[in-house]
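> A single structure is presented below for examination.
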Ligand code: HEC
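Residue numbers (mature numbering (1 follows the signal peptide of the UniProt record, and there is no 0)): -20 to -1, 1 to 167.
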């Protein structure tokens, strides 16, 4: 009887590990890349206490109660790409004025999409997704996997599962503009 219980527990554990290994995100490589991206954003003054304060607007779940969206570019490991930063502010009921008064104090998460080189994942537009807490640590899903990489690809939930419905085929909700045309790239 005990043996059967243990066997069942072992199966559950195996299932979890297999799922984590198959997932297209959260690997050490994804986490390292996310750390490099955070460092690039910090160096460019796009995040942290010295970042410009952007007037926020009322948000929708899952992103937060007040949001700001910034379009720019960043260079990571020698590749320059379009970078979209969404600051997620809370708690529930927070006003835009309160956020402007103390942006860092109300920052719940920083979610980003960074356009990687062709061939990264052409099928989903080569966007790299990451969700950071305000100190730069990656947020994790309930299974403990770091939210960096192709989060939600071929899944029912997660960044890509939702962003693939954004319209325009570009995975962006806020705009269908071709940001690679809008933003000046080095080459
Ligand atoms: C259930 C749906 C959903 C999920 C899951 C989701 N998002 Fe979003 N996301 C949205 C919506 C809706 C917007 C537009 C919000 C607004 O009005 O600014 C958005 C906007 C964004 C933007 C600004 C670019 C754009 O699409 O216009 C970024 C960056 C972003 N999300 C990153 C992420 C990351 C990273 C994750 C996963 C950790 C994630 N999102 C998960 C719905 C979702």
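The beta-carbon is built from N, C-alpha and C at its ideal position, and this holds for glycine as well.
Taking the runs of the alpha helix (DSSP H) that are 4 residues or longer, which of them lie wholly in the stretch 19 to 88?
76 to 81 and 83 to 86
> Rounded to whole angstroms, what is the Cα-Cα separation between residue 52 and residue 2?
32 Å
> Under three-state DSSP, which class holds residue -9?
Its pLDDT being 43, under 50, residue -9 is placed unreliably in this model, and the value from its coordinates should be taken loosely. Residue state, collapsed to three classes: helix.
> Apply the 10 Å Cβ neighbour rule to residue 37 and answer buried if 16 or more other Cβ atoms are within range, or exposed otherwise.
exposed
> For residue 118, which three-state DSSP category applies?
DSSP, reduced to helix, strand and coil, places residue 118 within a strand of the structure shown.
> Going by beta carbon distance, what residues of the same chain come within less than 8 Å of residue 13, once the five residues before and after it are set aside?
Here the set comprises 56, 57, 108, 128 and 129.
> State yes or no: is the C-beta of residue 42 nearer than 7 Å to some heavy atom of the ligand HEC?
yes
> Return the first residue and the last residue of the beta strand (DSSP E) that residue 110 is part of.
107 to 112
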